[in-house]
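Contents: one structure, followed by commentary.
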Amino acid sequence: MNVIFSAFGDDVLQQLWRLAREAMVICRRAILPVSPLNKVPHALPKRADTLATSARNQKMSELQELPSWVPDWVPGRIPIADRTPRRQPSRNHDNVDQFNVKAAKTLYVTPNASRTVNRKLRGIHIFMITVNGTLGTGLYWRGGQILELAGPLAALLSFLLVGLLSWAVMQCITELLCIWPIPGALSVYVTEFVDPELGIAVGIAYWFTYSVSFGALIATLAAEVDFWTAANASKAIDGIVIYTIVPAILVLINSAGIEIYGPLEVVFGSLKITCLVVIAVALIAINAGAGSEGYLGVDNWSTPKPFDEKAAGNWGIAFLMCLSIATFAYVGVEIVAASALESAPYSYRARRRSNARAESDLSRRSTDTLIGNTVKFSSMYISLLATIAYSICGLLISFDIDWRHCGLPRLSWTEKAGDERDCLPLTTSAFVAIANESEIPHLAHVFNAFLVFTCLTCAGTNLYVASRTLFGLTSRLDGGKGQPWHLRILAWFGRTNSRKVPFRAMVFSAAAFFWVPYLQLSGGTSTETPIGMFVEILAQMGSVPVVIVWACEVLAFIRYYYCVRRHQSVLEAQGIPLVRRFCEAEYNDYLYRSPLQPVLAYIALIGCLFILIVANGASLWGRFYTFPFLSSYLVVLVFIGVWILLKVVRGGRWAFVDLSNPDKVVRKIRNLHDIRLAAT
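Per the numbering used here, residue 2 is the first one in the sequence shown, and the count goes up by one each step.
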């Protein structure tokens, strides 16, 4: 052999080895068809005619990776651990995402059929679910309250500024959600990047928000129905029809499979948007002279900054209170995070294409076929759409009714003059008050019907969000015999029925505050009674936990941002997909980069803390009131108490999670990818 090698020389042997290597690759391609997903990143160069091209191609061939079936000991073979990771097609083409962590380095979580849901929600379904949970309730019931408290300018600015804050928060959530649309996403993000016990507290607070809001909205529904039945109100109607039959119907609707519930939400959301458009057009017509008072114009803006002297000492304090009230209107913009676990993993439009066209587009549009693209639009733009709608409607009601009108809803804890007590019911919306003043036949009844429909659909969506939040918190708990009894009970809620609906979590979420509306049978729907004030406190407490959740999510994003930037080279070397945020390569699987980061995240965090600490406490600056204190700070104190209790019981460290160790970060991100895959 030595004689043969010496006869041919090293150059000849190298040429022979290159030819053999090219032959093996060609045979490999002939035997196994290559799809755009698992195509070798650097294709072998074609032979050229010129010597310069041949030399360049020879140099590129030396760097070419050999196929995976070639043993590691062959010269030029790159070991498996050091090879460039390639995108592999999913084995389950119906439920699993296109991007997987390399099998040689990933521990896959075995899916449990009883702890998974159907991923059949398309983008339009998720968008309409978010619309039903967000659009309408805060505007219809809080818009008039803001106008009465601080005048026309506050009605515009409060909705606009809080809307921009919600948009900034959603930019941070969207970036994380496109990577990990997983059960209990909002809780998991905080757990993995901030603090485990804080993440659990966030999940509990988020579930509490939508569970208590379900009961509070049923109580609000009774107050709106009283607009028609106040003269001969019957407790039997409230107790049997509104407090019992209506929640039962909403539970039945939520019990349907997601393939039925999703289209229903599209229908309800479309009707709700139509109602809002009709109301806006009617308000414009009334301002133009369609009502009994003739042309109104902008006369009500002659004093743009008045304020209710019984509630605040000056306009600035009143405006801060309005910011707190306006926050209620934006509760729900983050619902897309709760519904993302049931989003469809593929683009239906791409799947209906012909095979030839789909193959040609797959490499170019690969990131758009991911599940993250399904939730991206709703997550990015619902807050902007809500901001525009709320700001326009807030401006219109300020044009059409004077801020001193006694029919506007007032803060229930302020003192009222005798003539104010003889006005319309305090639960009446500003829109209904405007319709009454216009004296257009039946318009007030039409507006009130819109409000009743809005309340019903919002209550149903809140029950959906509460059930999915509780399911996300408990679906990964081990309910085996060797576990503590409380974990076995919680794990019981993390199972789905035969239709892949978390029925147990849904029934518990509905029953947790099912009793709240029944309190009105003895105390009435007025917020001036102790029972009415208690129900109102519960309703307002529903908005405070969401702002806490917003702040925690923004903090989680900030820590994620700096973690990925610090360990970007390690993540790229390890082949971790979907986290190449700072990679400038032409091919990058990072789905969405939110703008102006991390400055935007810091602004959002400061804004959330400002709402929680300053704006919520502005009503207490002149004088202490029990009602605003409980509605603003009771939830905050309970949240902190739950977090501390979890720290003590679990023996957690009084520090944020360590994101400085690259190995721990790699394992953490792979674990999140595993949760993403196991959720299907």
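Here a beta-carbon is modelled for each residue, glycine too, at the ideal position from N, C-alpha and C.
Note that the coordinates shown come from a computational prediction; the quantities given were computed from them, not determined experimentally.
| Asked | Found |
| --- | --- |
| Where Arg405 and Glu149 are concerned, what is the direct C-alpha to C-alpha distance, given to the nearest angstrom? | 6 Å |
| Given 8 Å as the limit, is there contact between the region 388-408 and the region 170-178, that is, 3 or more CB pairs closer than that? | no |
| Find the nearest neighbour of Tyr561 within the set Ser661, Phe625, Ser510, judged by alpha-carbon distance. | Ser661 |
| Quick test of the definition: if touching needs 3 or more C-beta pairs under 8 Å, does the region 448-457 touch the region 180-198? | no |
| Near Leu108, what residues of its chain come up, given a Cβ to Cβ distance below 6 Å and the 5 sequence neighbours on each side ignored? | Confidence at Leu108 is low in this model, with a pLDDT of 33, below 50, so the placement of that residue should be treated as unreliable; the coordinate-derived value is given next. Here the set comprises nothing. |
| Please classify Tyr141 as buried or exposed, where buried requires at least 16 other C-beta atoms within 10 Å of its C-beta. | buried |
| From this set, Glu260, Asn617, Leu162, which residue's C-alpha is nearest Ile389's C-alpha? | Leu162 |
| Considering just the uninterrupted stretch of the alpha helix (DSSP H) at Ser751, what are its terminal residues? | Only positions 2 to 681 of the chain appear in this structure, which leaves residue 751 out of reach. |
| Excluding sequence positions up to five away, which residues of its chain have a Cβ less than 6 Å from the Cβ of Ala1? | Since the first residue of the chain shown is 2 and the last is 681, residue 1 is not available in this structure. |
| In whole angstroms, give me the CA-to-CA distance for Ala341 and Ala512. | 24 Å |
| Measuring straight from C-alpha to C-alpha, what distance separates Thr131 and Lys648? | 33 Å |
| What is the DSSP secondary structure of Ser344, counted as helix, strand or coil? | strand |
| Where Tyr588 and Pro184 are concerned, what is the direct C-alpha to C-alpha distance, given to the nearest angstrom? | 29 Å |
| Taking the alpha carbon of Pro503 as the reference point, which residue from Arg582, Cys179, Ala151, Leu253 has its own alpha carbon closest? | Leu253 |
| Could you check the C-alpha separation between Ile645 and Ala202 for me, to the nearest Å? | 9 Å |
| Kindly indicate which three-state DSSP category Leu136 falls into: helix, strand or coil? | coil |
| Considering His568, what are the terminal residues of the alpha helix (DSSP H) in which it resides? | Element bounds for His568: n/a, residue is neither H nor E. |
| Beta carbon of Ser430, beta carbon of Gln541: below 7 Å? | no |
| Would you identify the three-state DSSP class for Leu122, choosing helix, strand or coil? | strand |
| Quick one: using the 10 Å Cβ neighbour count with 16 as the cut-off for buried, is Arg116 buried or exposed? | buried |
| Sort His568, Leu522, Thr627, Ala217 by Cα distance to Lys665 and report the nearest one. | His568 |
| Measuring straight from C-alpha to C-alpha, what distance separates Ala281 and Lys273? | 12 Å |
| If Tyr689 sits next to Tyr519, beta carbons under 8 Å apart, how far is it from one beta carbon to the other, in whole angstroms? | Residue 689 cannot be examined here, being either before or after the span of the chain that is shown, 2 to 681. |
| For the region 257-277 and the region 287-295, state whether three or more C-beta atom pairs, one from each stretch, are separated by less than 8 Å. | no |
| Can you give the Cα-Cα distance for Arg120 and Ser344, rounded to whole angstroms? | 5 Å |
| Is Ala656 helix, strand or coil by DSSP? | coil |
| What is the DSSP secondary structure of Ile612, reduced to helix, strand or coil? | helix |
| Going by C-alpha to C-alpha distance, which of Ala283, Ala313, Cys394, Cys179 sits closest to Arg143? | Cys394 |
| Measure the alpha-carbon distance for Asp227 versus Ile259 and round it to whole angstroms. | 34 Å |
| Just checking my contact of Val636 with Pro546 at CB under 8 Å: how many whole Å lie between their CB atoms? | 5 Å |
| How about Leu187 and Gly608: are their beta carbons less than 7 Å apart? | no |
| Is the beta carbon of Ile336 sitting closer than 7 Å to the one on Val517? | no |
| Are the beta-carbon atoms belonging to Tyr593 and Glu176 less than 7 Å from one another? | yes |
| Return the CA-CA distance between Gln521 and Phe329, expressed in angstroms with no decimal places. | 22 Å |
| On the three-state DSSP scale, how would you describe Asn315? | coil |
| Which residue spans inside the region 385-418 form an unbroken alpha helix (DSSP H) run of at least 4? | none |
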